[in-house]
Structures are given as C-alpha cells and as structure tokens.
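Some notes on the structure that comes next.
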Amino acid sequence: MKKPLLIVILVLVVDQVLKIWVKTHMSSGQDYNISDLMGVGDWFILHFTENKGMAFGLEWGGRTGKLVLSVFRIVAVGVIGWYLLSRIRKGANPGFIISISLIFAGALGNIIDSAFYGLIFSASDYLTVATLFPKGGGYDSFLFGSVVDMLYFPIIDTRWPAWFPVWANQQFIFFRPVFNIADSAITIGILTILFFQRKHFDL
49 MKKPLLIVIL
59 VLVVDQVLKI
69 WVKTHMSSGQ
79 DYNISDLMGV
89 GDWFILHFTE
99 NKGMAFGLEW
109 GGRTGKLVLS
119 VFRIVAVGVI
129 GWYLLSRIRK
139 GANPGFIISI
149 SLIFAGALGN
159 IIDSAFYGLI
169 FSASDYLTVA
179 TLFPKGGGYD
189 SFLFGSVVDM
199 LYFPIIDTRW
209 PAWFPVWANQ
219 QFIFFRPVFN
229 IADSAITIGI
239 LTILFFQRKH
249 FDL
C-alpha cells in the first residue's frame, strides 16, 4: 500500500508544482527552450498552453462538452481508485498495481486543473501572467478550469521532400502535442499494462 500511495503523491506533487509555476511565471504561448539552455539542441521546450479538453489538447463539445468531460473524469477517477484498492487487497502483481497507480495519479492531476484552476487563478493571455488567488476571483467556475500543458518535445523538426505526395515541402514535427506530467503518467501506465502486464487483464 505504501508504494502505490507514494507514486500517487509524487506524481501529483510534481505535476501540480510544475503547473502552478508555469501558470504564475509564464504568459500563454511563452517558451523556455530547456535543451538550448543546456546546449543540447532544440528538442525539449517548456511551452505554456491551456486546453479545456482531453489529454494532449484534444477538445470536444464546447462548454457543455467540457462539463460532461469533467464529470466523466471524476467518475472515472473514482472507479480507477476503487479498482486500484481492490487489486492491492487481493495481492495483484506489483507491476500492475504500479501501472494503475500511475493512471490514477495522472487522471486525478488533470481533474484538479479542471475542477479548481478556474476558481483560484486569473486568466492567462499572451501578455499577462496569471495570479494565484486573485482578488476579483478566478477566470471561470467549478469544473470549468483549463488543464495546463507545458511539455513539448519536437525531437524531429524537418520538411517533407518536394517529391513526396500530399505533404510535399510541408513541415513535419515529431512529437507535436504539448502535454503535462499527468498525461505522461497516464500514458506510461497504459503502455506498461499493454506491453508487460497483459496476463493481468483477467483479474
């Protein structure tokens, strides 16, 4: 029980500390080229963006969709948390428990943004850095906060050759989506289940 709890706490702390720092120190769209500062190229950038939707900036259904998504996230986290506890009590494989712990922590991290960031932060724009606990109140209501994303890894940044059909001379970037620590935890948890824990799907 200690290891899953430690994983959840660690992911949440790192995720929220980084998000709060970005929100209170960077304006929307601002970049910090971390890899360039380290003298190792342009492949690791802190790029501040916010989204009202799912992981990696995907959106759906406007304001109504946002409410549905926020409620779904809360229900999903409850189900994942219950499932995690049931696997721990039944002595499931430690690797499987770690994977579920990562998924649970990541989902909970993004719920915190959706549920509370609209209440505790002022709005971010391209000229203004947000304030934590502004006097006039936050930029939106409960469950309508935007998820903070900042991790950008354009490992490959090139152009398709002129002879290539459809995308000739167009820019090609891999990996293009901007994401956060919570997204990473969810992705790692899912991938480790798929590649290393398939025998536990019938638990």
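49 is the number of the first residue of the sequence shown in the numbering used here; add one for each residue after it.
Virtual Cβ for every residue (Gly too), placed ideally from N, Cα, C.
(message) Looking only at its chain, what residues have a beta carbon closer than 6 Å to the beta carbon of residue 59, apart from the 5 residues adjacent to it on each side?
(response) In the sequence shown, counting from the first residue as 1, residue 59 sits at position 11. So the qualifying residues of the chain are 153, 233.
(request) Kindly indicate which three-state DSSP category residue 121 falls into: helix, strand or coil? (result) To locate residue 121, count along the sequence shown from 1; it is residue 73. If DSSP states are grouped into helix, strand and coil, residue 121 belongs with the helices.
(message) Can you give me the C-alpha to C-alpha distance between residue 126 and residue 136, rounded to a whole angstrom?
(response) As a first step, residue 126 is located in the sequence shown; it is residue number 78 there, counting from the start. As a first step, residue 136 is located in the sequence shown; it is residue number 88 there, counting from the start. When rounded, the distance between both Cα atoms is 15 Å.
(request) Using alpha carbons as the reference points, say which of 164, 173, 176, 177 lies closest to residue 192. (result) In the sequence shown, residue 192 corresponds to position 144, counting from 1. With distances taken between Cα atoms, residue 192 lies closest to 164.
(request) Hey, could you find the ends of the beta strand (DSSP E) residue 93 is sitting in? (result) Taking the sequence shown and counting its residues from 1, one reaches residue 93 at position 45. Start and end: 93-99.
(message) Let me make sure I understand the geometry here. Which of 221, 244, 227 has the alpha-carbon closest to that of residue 90?
(response) Your numbering for residue 90 matches position 42 in the sequence shown. When each option's Cα is compared against that of residue 90, the closest is 221.
(request) For residue 84, verify whether its CB is less than 6 Å away from any heavy atom of the ligand SAH. (result) Within the structure as shown, the ligand SAH is missing, as the structure has no ligands at all.
(request) Please report the residue range of the beta strand (DSSP E) in which residue 255 lies. (result) Limits of the chain in this structure are 49 at one end and 251 at the other, which puts residue 255 out of reach.
(request) Buried or exposed for residue 57, please, with buried defined as at least 16 other CB atoms from any protein chain shown within 10 angstroms of its CB. (result) As a working mapping, residue 57 is identified with position 9 in the sequence shown. With fewer than 16 other Cβ atoms within 10 Å, it is exposed.
(request) Decide yes or no for the touch test of the region 74-83 against the region 91-99: beta carbon pairs closer than 8 Å, at least 3 of them. (result) yes
(request) Figure out for me which residue from 141, 116, 131 has the closest Cα to the Cα of residue 240. (result) By 1-based counting over the sequence shown, the position of residue 240 is 192. Closest option to residue 240, Cα to Cα, is 141.
(request) State the Cα-Cα distance for the pair residue 216 and residue 84, rounded to the nearest angstrom. (result) In the sequence shown, the residue the question calls residue 216 occupies position 168. In the sequence shown, the residue the question calls residue 84 occupies position 36. Taking the straight line from one Cα to the other gives about 29 Å.
(message) At the level of alpha carbons, what is the spacing between residue 201 and residue 147?
(response) Counting from 1 along the sequence shown, the entry for residue 201 is found at position 153. Counting from 1 along the sequence shown, the entry for residue 147 is found at position 99. Going from the Cα of residue 201 to the Cα of residue 147 covers about 23 Å.
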